[in-house]
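Notes to accompany the following structure.
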Amino acid sequence: MADPFGIIGVIGVAGQIIQMGIQFGLNWKDAPADVKSFMAELQVLKTTLSETNTNIALNQDFINAFKGRHSTVLSQLTDVTPATDTSVMVSACRTELEHLLAELKKRAQAHRVGWERMKGAFLAKKTREAVESLQRQCQFLNNLVVIDIAALQATTLKEVREGTMKQQAREAADEQDAILRWLTPVDYAPQQSDFINRRQVGTGQWLLESREFQVWLQTDKQTLFCHGMPGAGKTILTSIVVDELMARFGNDMGTGIAYIYCNFRRQDGQKAEDLFASLLKQLAQGRSSLPDSVKSLHDKYKTKRTRPPFADISVALQSLAAEYSRAFIIVDALDECRASDGCRTKFLSELFSLQVKCGVNILTTSRSIPEIYEQFDKSTSLEVRATDEDVRTYLDGHISQLPAFVRNRSDLQEEITTGILKAVSGMFLLAQLHFDSLKGKRSPKVIRGALKNLATGSDAYDRAYNDAMERIEAPSCKVLPRGDDVDLKNSGLRTPLSLAAEYGHEAVVKVLLEKGADIESKSTSGLIALWSAAENRYGAVFKAIVEKGAKVKFTNIFGEAPLSLVVQYRHEAVVKLLLEEDADIKPKSIFGRIPLSLAATNGHEAVVKVFLEKGSDIESKDNDGGTPLSLAAEHGRNTVVKVLLEKGADIESKDKEGRTPLSWSVIGGHEAVVKMLLERGTDVESKDNDGRTPLSLAAEYGHEAVIKLLLGKGADIESKDNEGRTPLSWTVISGRETAFRVLQEKGTDINSKGSKGWMQLSLAAARRHAAVVQLLLDRGADVNSKDKDGQTPLSWAAQSGHEAIVKQLQTKA
Numbered sequence: 001m002a003d004p005f006g007i008i009g010v011i012g013v014a015g016q017i018i019q020m021g022i023q024f025g026l027n028w029k030d031a032p033a034d035v036k037s038f039m040a041e042l043q044v045l046k047t048t049l050s051e052t053n054t055n056i057a058l059n060q061d062f063i064n065a066f067k068g069r070h071s072t073v074l075s076q077l078t079d080v081t082p083a084t085d086t087s088v089m090v091s092a093c094r095t096e097l098e099h100l101l102a103e104l105k106k107r108a109q110a111h112r113v114g115w116e117r118m119k120g121a122f123l124a125k126k127t128r129e130a131v132e133s134l135q136r137q138c139q140f141l142n143n144l145v146v147i148d149i150a151a152l153q154a155t156t157l158k159e160v161r162e163g164t165m166k167q168q169a170r171e172a173a174d175e176q177d178a179i180l181r182w183l184t185p186v187d188y189a190p191q192q193s194d195f196i197n198r199r200q201v202g203t204g205q206w207l208l209e210s211r212e213f214q215v216w217l218q219t220d221k222q223t224l225f226c227h228g229m230p231g232a233g234k235t236i237l238t239s240i241v242v243d244e245l246m247a248r249f250g251n252d253m254g255t256g257i258a259y260i261y262c263n264f265r266r267q268d269g270q271k272a273e274d275l276f277a278s279l280l281k282q283l284a285q286g287r288s289s290l291p292d293s294v295k296s297l298h299d300k301y302k303t304k305r306t307r308p309p310f311a312d313i314s315v316a317l318q319s320l321a322a323e324y325s326r327a328f329i330i331v332d333a334l335d336e337c338r339a340s341d342g343c344r345t346k347f348l349s350e351l352f353s354l355q356v357k358c359g360v361n362i363l364t365t366s367r368s369i370p371e372i373y374e375q376f377d378k379s380t381s382l383e384v385r386a387t388d389e390d391v392r393t394y395l396d397g398h399i400s401q402l403p404a405f406v407r408n409r410s411d412l413q414e415e416i417t418t419g420i421l422k423a424v425s426g427m428f429l430l431a432q433l434h435f436d437s438l439k440g441k442r443s444p445k446v447i448r449g450a451l452k453n454l455a456t457g458s459d460a461y462d463r464a465y466n467d468a469m470e471r472i473e474a475p476s477c478k479v480l481p482r483g484d485d486v487d488l489k490n491s492g493l494r495t496p497l498s499l500a501a502e503y504g505h506e507a508v509v510k511v512l513l514e515k516g517a518d519i520e521s522k523s524t525s526g527l528i529a530l531w532s533a534a535e536n537r538y539g540a541v542f543k544a545i546v547e548k549g550a551k552v553k554f555t556n557i558f559g560e561a562p563l564s565l566v567v568q569y570r571h572e573a574v575v576k577l578l579l580e581e582d583a584d585i586k587p588k589s590i591f592g593r594i595p596l597s598l599a600a601t602n603g604h605e606a607v608v609k610v611f612l613e614k615g616s617d618i619e620s621k622d623n624d625g626g627t628p629l630s631l632a633a634e635h636g637r638n639t640v641v642k643v644l645l646e647k648g649a650d651i652e653s654k655d656k657e658g659r660t661p662l663s664w665s666v667i668g669g670h671e672a673v674v675k676m677l678l679e680r681g682t683d684v685e686s687k688d689n690d691g692r693t694p695l696s697l698a699a700e701y702g703h704e705a706v707i708k709l710l711l712g713k714g715a716d717i718e719s720k721d722n723e724g725r726t727p728l729s730w731t732v733i734s735g736r737e738t739a740f741r742v743l744q745e746k747g748t749d750i751n752s753k754g755s756k757g758w759m760q761l762s763l764a765a766a767r768r769h770a771a772v773v774q775l776l777l778d779r780g781a782d783v784n785s786k787d788k789d790g791q792t793p794l795s796w797a798a799q800s801g802h803e804a805i806v807k808q809l810q811t812k813a
C-alpha cells in the first residue's frame, strides 16, 4: 500500500537506529543518559506511528465509518495539497532521522566504536526537536480520534433517531390506512376524478359565481340545496364544487372537505352508517395524524370484532368536525340514496344535527322530489339548469367533431348552436344527444333539417335517446367497413365498444368485435366494455364480449368483480358462462361479500344453487361478519333461506354485532323467514352484543306478527338487555303503540326499571310519544316514579318541551 506521508519510512529509519547499537556490539544500558532519553522517545514514536498507521490510516473499517462524513484525523492523514501539519512533521522527522542514521553509520566506520564516539550523533538539536514535535503531533492525532469518534457517535445516534422516527411514521401511516379501510373501504376520489375530467372547461362558472353559492361558501352553518331535472348536469356541477373547494382549501389544515356520490346501483353500501363512515374517513384523512375519535372508535369495536353502530360513528364525526375551523360536506344525487328502512331520512336528520352542533356547511344535489324537497324547506335552494353559456361552451369545444363543411363555416356553426339551445330547455345531457345526432350528417341542408326536428318538450330526452339508439343500431354497422377507427375515444376515453356495451346494443357490439375493437380499452375511470355490460345488466352483450376472450378476473373501483355484479342482476346464464371461463367464485367486494353472499342478499335462488354446486363457502363472512344465510334472512329471501338451511348453513352463526339470522329476519319483519327459522329450532333467546333478544328487536321495529310468533315459541317477555331495557321498553322508546298493546296484553310489567332507574313512563315522556304516555297512564303507570337522577316523567316531559304530555301527566299527578 502507498505510504504518501512517509510514516512507514519513519518507522523503518527509527527501527534501524534502534538496531545500530546491537549491530555495533554496544550495550544500551551503558549509553549516556541523554542518549537513553532520546532512544526511549524514539521507541515510543515508533510504536505510536505503527499503531496510528495500522489502526487509522490503513484501517478500512475506520475509513468506511466516516464515508460521507467529515473526519478531522483522516483529513490530517489524507494525501492532499497543500500538505497538512502531520505530513510536514512526518517528512521533517524522517529527514532528521535519516541524517542521524547516516551520521551513526559514518562514525561506525572508525577503528574503535564506543558510546563516547557515537553519542555526539544523538545530540543534534534539530533531530530531537523533530522527534518531539512528531511525538506531540501523534498525541494530537490520538486526541482527534477521540473527538472524531464522539462526533461519529452523535451523528450515528441522530441518524438512528431519524430512522426510527421515519419507521414510526411509516408504521403510523400504515396503521392509519388500515383503520380508515376498516372504517369503510369506499373511496369516492376515483369518481371525483372521472366526473371532473368529463367537464368541459369553462362550464359551471355560473354556479360558483352565483350569490347563493358565494353566501354558502363564505358563511358558516349554511345549506345549499341544488335541485334539477334528470340530465341537467348536477353530478358534473358537484364535481366542480368539490374541485373548487379543493383548490381553495386543499392545503388548509383548518378546513375539512368530504363528499359523497350516491348511486342507485349500490344500495347495500349506502346505509346511513355507511355514508357517515365515509364522511368520517375523509375528514380523518385531512388531519396530520389519526384523530383520537377515530382511533377510539376502532379500538372499541375492533377488539369486539364488531362494526360500530350509527350512533357511535355520528359521535366520532361530531368530535372530528369540531376540530376544524370550517367543514364542507357535499352529497350528490340524494334521490339515489337508499330510502328503504328510513335510511335517507335518518342520514339527513343526523347530517342536519351535525350542522347545528358543529357549524358545517352542506351542499346537496337531487332531482326535484317532494319528499326530499320538504327536508330542505328552510334551506337555500337553487335550481340546476344547463345555462345557454355552458351549452354554448360545450358545443364550441366539440364542434371539431362535426364534418369539415361545418368546421369551415361559422354561420352554420352558429345555426347549430342556436338550434340546440332552443331545444334543450336546461338539460345538458339533451344538448349532448342533439349534438351527437348531427355527427353523421353529410350536408348543410341535412343538418338544417335535423335541427328543425330536434326533440323538445317534456319527453324530449326519451325521444332523443331513442333516436340515438336507432342511429347506433343501424347506420353504425354500415359506416364501420369504410375504415373508421373502431377504437376512437371520446373526451372520457370511452370507445364505441364501451358505449355500445353500456347501452346494451348487442348488434353494434358484435359488429365492433368483428372489426377488432379493443375489448380491454379503459376509460379515464378504468371502465372497460365488459364492465359496462355487467353493470347495466346486459347479459347478451356481456356474453358476446366474454366469448371474444375478455378477461373476467378484474375489479372496478369498488372492488367488485364481473361475477359479483352479474350475480346481483339475476343473470344465471352469464354466471354459468363466467364460471366456465374459470372466474373466481371467491372474489370479495370491498364489503367482504363473495358472489354467493350477493346472490343470497338479492334472493337469486337459482344462482345460489349454482354457487353451492361449485363449492362456494356457505359460511363465508363479510366485513360485518354476515353469512349468506344471515344476509338472506335480513332481506326476507325465504326461498334462499330454505336452500341454505337444507345445505347445512349454520342457523346460529353470529356476526360482529352478535346477531343471528333470526335477529336480522326479525328486524326486517320477515314473518315467513322468522317462522322457518323458528321451526328449524333456532335459539329464540339468543342475545347480541348489546344483550338484546329477537323479541327486543321486534318490539323496537313494531313488527306485531313477528312478536306473536316469538312469544308463541316461548320468548321471554321480561328479558333485559345490557341497559336493563325490556321489549316493552323498546316499544316505548320507538313509539310503537300496537306492539306495546301486544306485549301489555301478555302481562308484561309496565313499571319495570332500566339500569339508570328509568321507568317506561319516563322513557315515553322523554321521547315525546304522547300516545304511548296515554297508554301507560291508562294502565296505571306510576306518574311520580323517580330515576337515579331524581327526575320524574313530568320533569322529562318539561325538559323535552312537549306541552301536551306535560298536561297529560299533570292531570294524573
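Anchor point for the sequence shown: position 362 equals 362 in the working numbering, and the numbering is continuous, going up by one each time. Built from N, CA and C at the ideal position, the CB exists for glycine as well. Nothing here was measured: the structure is a model prediction, and the numbers come from that model.
Please list the terminal residues of the continuous alpha helix (DSSP H) segment that includes residue i.
i, result
"I330", "No alpha helix (DSSP H) holds I330; the beta strand (DSSP E) holding it covers 326-332."
"H703", "It is not in any alpha helix (DSSP H) - H703 carries neither H nor E in the DSSP assignment."
"D194", "189-198"
"D292", "292-302"
"E781", "Reading off the sequence, residue 781 comes out as Ala, not Glu. Here A781 belongs to no alpha helix (DSSP H), and DSSP marks it neither H nor E."
"D643", "Reading off the sequence shown, one finds Val at residue 643, where the question assumed Asp. Element bounds for V643: 638-646."
"G419", "410-424"
"N64", "60-65"
"D396", "388-398"
"E560", "No alpha helix (DSSP H) contains E560, which DSSP labels as neither H nor E."
"A316", "310-321"
"T792", "Premise fails: T792 is in no alpha helix (DSSP H) and is neither H nor E."
"A741", "The sequence as given places Arg at residue 741; Ala does not occur at that position. Segment 737-745, the alpha helix (DSSP H) holding R741."
"M246", "234-249"
"K551", "Segment: none, K551 is in no alpha helix (DSSP H) and carries neither H nor E."
Can you tell me where the beta strand (DSSP E) with residue i in it begins and where it stops?
i, result
"N361", "361-366"
"G256", "255-261"
So, using beta-carbon positions, are residue i and residue j closer together than 8 Å?
i, j, result
"C226", "V331", "no"
"K439", "L499", "no"
"A606", "P628", "no"
"L776", "L794", "no"
"M253", "G426", "no"
"G603", "H635", "yes"
"A770", "Q808", "yes"
"A232", "V384", "yes"
"T223", "Q355", "yes"
"N638", "V673", "yes"
"P595", "A633", "no"
"V541", "E581", "no"
Name the DSSP bridge partner or partners of residue i?
i, result
"H227", "S366, E383"
"K753", "M759"
Using 8 Å as the limit for Cβ to Cβ distance, is residue i near chain D?
i, result
"S665", "Annotation note: the requested chain D is absent from the structure, which comprises a single protein chain."
Given that a residue counts as buried once 16 or more other Cβ atoms are within 10 Å of its Cβ, and exposed if not, what is residue i?
i, result
"D335", "buried"
"P291", "buried"
"E389", "exposed"
"G483", "Since pLDDT at G483 reaches only 40, below the 50 mark, its modelled position is unreliable, and the value read off the structure follows with that caveat. Exposed, by the Cβ-count rule."
"F264", "exposed"
"R409", "exposed"
"F435", "buried"
"L157", "exposed"
"T365", "buried"
"I147", "exposed"
"L159", "The sequence shown places Glu at residue 159, rather than the Leu named in the question. With fewer than 16 Cβ atoms within 10 Å of its Cβ, E159 is classed as exposed."
I'd like the ranges of any alpha helix (DSSP H) spanning at least 4 consecutive residues and lying wholly in the stretch 568-606. 572-580, 595-601
Let me know the alpha helix (DSSP H) ranges lying completely inside the stretch 672-725, each 4 residues or longer, listed in chain order. 694-701, 704-712
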